[in-house]
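Numbering (the numbering used here), first residue to last: 411 to 658. All C-beta atoms in this analysis are idealised placements derived from N, C-alpha and C, irrespective of residue type, glycine included. Just so we're clear, the structure is a prediction, and the values are computed from it rather than from any experiment. The block underneath contains the structure these notes are about, expressed in structure tokens.
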Amino acid sequence: MAPPRGEGTIAHMPPLADTVRRNLESVESRIAGAATKAGRDPSDITLVGVAKYVDAAATAALVEAGCSVIGESRPQQLWSKAEAPELAGKPIEWRLIGHLQRNKIDRTLPIAREIQSVDSERLLRAIDASAAKQGLTARVLLEANCSGDAEKHGFSSEELKRLLPELPMLKSVEVCGLMTMAAREGGPTVARQNFAALRELRDTLRAEAPPGLTLDELSMGMSGDFEEAILEGATSVRVGSALWSRIE
Ligand SMILES: *Cc1c(COP(=O)(O)O)cnc(C)c1O
Numbered sequence: 411m412a413p414p415r416g417e418g419t420i421a422h423m424p425p426l427a428d429t430v431r432r433n434l435e436s437v438e439s440r441i442a443g444a445a446t447k448a449g450r451d452p453s454d455i456t457l458v459g460v461a462k463y464v465d466a467a468a469t470a471a472l473v474e475a476g477c478s479v480i481g482e483s484r485p486q487q488l489w490s491k492a493e494a495p496e497l498a499g500k501p502i503e504w505r506l507i508g509h510l511q512r513n514k515i516d517r518t519l520p521i522a523r524e525i526q527s528v529d530s531e532r533l534l535r536a537i538d539a540s541a542a543k544q545g546l547t548a549r550v551l552l553e554a555n556c557s558g559d560a561e562k563h564g565f566s567s568e569e570l571k572r573l574l575p576e577l578p579m580l581k582s583v584e585v586c587g588l589m590t591m592a593a594r595e596g597g598p599t600v601a602r603q604n605f606a607a608l609r610e611l612r613d614t615l616r617a618e619a620p621p622g623l624t625l626d627e628l629s630m631g632m633s634g635d636f637e638e639a640i641l642e643g644a645t646s647v648r649v650g651s652a653l654w655s656r657i658e
């Protein structure tokens with residue numbers, strides 16, 4: 411085995427940039443494969459590269475490899491990355507994919523073009539108010555709890571049906587669709603059932619929706635189950651660990 415190259419570097423490990431590039435190619439080709447299998451155009455599926463595990467320099471490696479839509483699950487991490495010199499001037503579209511506290515909305519909206527994880531009516535109304543105050547329109551997805559896991563955030567289908575007629579009243583928020591997390595247990599088979607449930611819920615809501623509300627976006631699927639999600643109609647997949655893995 412070769413000796414270490416220098417402080418903090420182990421010579422037999424390829425540089426992070428190479429690993430990330432290879433991982434990204436692999437994820438993109440799996441996305442294309444699943445899309446083809448589903449009879450869909452791969453370009454209709456957005457890969458959200460989830461960077462919550464890594465620092466700004468590693469995030470920059472992912473962007474340089476060609477992934478420009480970056481998801482963070484914690485608002486503070488989003489803010490600090492958005493200001494990091496490593497990422498300055500890069501063509502990044504940020505997505506918030508984790509829980510947003512109401513006192514963090516004002517600072518988050520100008521950075522994240524889309525909040526994928528709106529999990530309560532109170533939060534939705536607060537985002538509308540903040541966006542109006544800042545002269546912005548916020549794109550949001552409503553997080554649905556399709557797995558029945560009690561510890562998961564998100565609306566029930568009954569809550570979403572009740573909320574639907576209210577949505578056109580929110581003038582500074584564009585509700586683009588739904589997001590979900592699959593059950594923690596059960597693997598890809600159960601995940602696929604959860605994803606099918608989200609699509610069916612979206613179809614039901616769409617049939618009852620006020621004019622102009624198309625709910626086109628379905629954000630579902632992570633490293634362990636994004637192919638199942640694409641088969642069930644995902645328009646965004648949120649992939650983290652498969653992009654950062656050093657052994658793939
Ligand atoms: C962390 C996270 C992901 C990515 O999960 P991986 O299994 O690492 O791909 C996707 N969505 C949300 C909401 C997350 O918090």
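Any non-hydrogen atom of ligand 2 closer than 8 Å to residue i Cβ
| i | result |
| --- | --- |
| Val-649 | Annotation note on ligand 2: not contained in the displayed structure, which lists ligand 1 as its ligands. |
Nonlocal neighbours in the same chain, by C-beta distance under 8 Å from residue i, ignoring five residues either side
| i | result |
| --- | --- |
| Gln-544 | Asp-516, Leu-519, Pro-520 |
| Ala-593 | Ser-557, Gly-558, Asp-559, Val-600, Ala-601, Asn-604 |
| Asp-454 | Ala-445, Thr-645 |
| Glu-595 | none |
Ligand 1 heavy atom lying under 8 Å from the CB of residue i
| i | result |
| --- | --- |
| Val-460 | yes |
| Ser-436 | no |
| Gly-597 | no |
| Ser-483 | yes |
| Ala-522 | no |
| Ser-530 | no |
| Ile-537 | no |
| Ser-633 | yes |
| Ser-540 | no |
| Ser-490 | no |
| Ala-639 | no |
| Ile-455 | no |
| Gly-508 | yes |
| Ala-448 | no |
| Ala-652 | yes |
| Ser-527 | yes |
| Met-591 | yes |
Residue i vs residue j beta-carbon contact at 9 Å
| i | j | result |
| --- | --- | --- |
| Leu-608 | Glu-642 | yes |
| Ile-507 | Ser-629 | yes |
| Lys-581 | Ala-619 | no |
| Gly-650 | Lys-462 | yes |
| Val-437 | Ala-468 | no |
| Ala-498 | Leu-426 | no |
| Leu-533 | Met-589 | no |
| Val-479 | Trp-654 | no |
| Val-585 | Leu-625 | yes |
| Ile-441 | Pro-424 | no |
| Ser-566 | Asn-555 | yes |
| Gly-587 | Glu-531 | no |
| Ser-483 | Ser-439 | no |
Residues of its chain near residue i, where Cβ-Cβ distance is below 6 Å and the 5 sequence neighbours each way are ignored
| i | result |
| --- | --- |
| Ser-646 | Thr-456, Val-458, Ser-629 |
| Gly-481 | Val-458, Val-460, Arg-505, Ile-507, Arg-648 |
| Ala-631 | In the sequence on display, residue 631 carries Gly and not Ala. Ala-639, Ala-644, Val-647, listed in sequence order. |
| Glu-658 | Confidence at Glu-658 is low in this model, with a pLDDT of 40, below 50, so its placement is unreliable and the value that follows should be read with caution. Contacts found: Asn-433. |
| Ala-475 | Val-430, Arg-431, Leu-434 |
| Ala-652 | Val-437, Ser-633 |
| Pro-598 | Asp-635, Glu-638 |
| Ala-606 | Glu-642 |
Whole-Å CB distance - residue i paired with residue j, under 8 Å assumed
| i | j | result |
| --- | --- | --- |
| Ala-466 | Leu-488 | Not a contact, Cβ separation roughly 11 Å. |
| Leu-623 | Leu-570 | Their Cβ separation, rounded to whole angstroms, is 12 Å, which puts Leu-623 and Leu-570 out of contact at 8 Å. |
| Asp-529 | His-563 | 4 Å |
| Pro-495 | Lys-514 | The pair is not a contact, with the Cβ atoms about 23 Å apart (cut-off 8 Å). |
Beta-carbon proximity list for residue i, same chain, < 7 Å, skipping 5 on both sides
| i | result |
| --- | --- |
| Ala-444 | Glu-637, Ile-640, Leu-641 |
| Ile-525 | Leu-506, Leu-510, Ile-537, Ala-548, Val-550 |
| Glu-417 | Summary for Glu-417: the model assigns pLDDT 47, below 50, so the residue's position carries little reliability, and this model does not support an answer. |
| Ala-492 | Trp-504, Ile-521 |
| Pro-621 | none |
Inset, instruction - Could you pull out every unbroken beta strand (DSSP E) segment of at least 3 residues lying fully inside the region 614-643, listed in chain order? - result: 627-629
Legend entry - Contained alpha helix (DSSP H) runs [length at least 4] in the region 517-584, N- to C-terminal order: 531-544, 567-573
Legend entry - Ordered list of alpha helix (DSSP H) runs contained in the region 445-480, each at least 4 residues: 466-475
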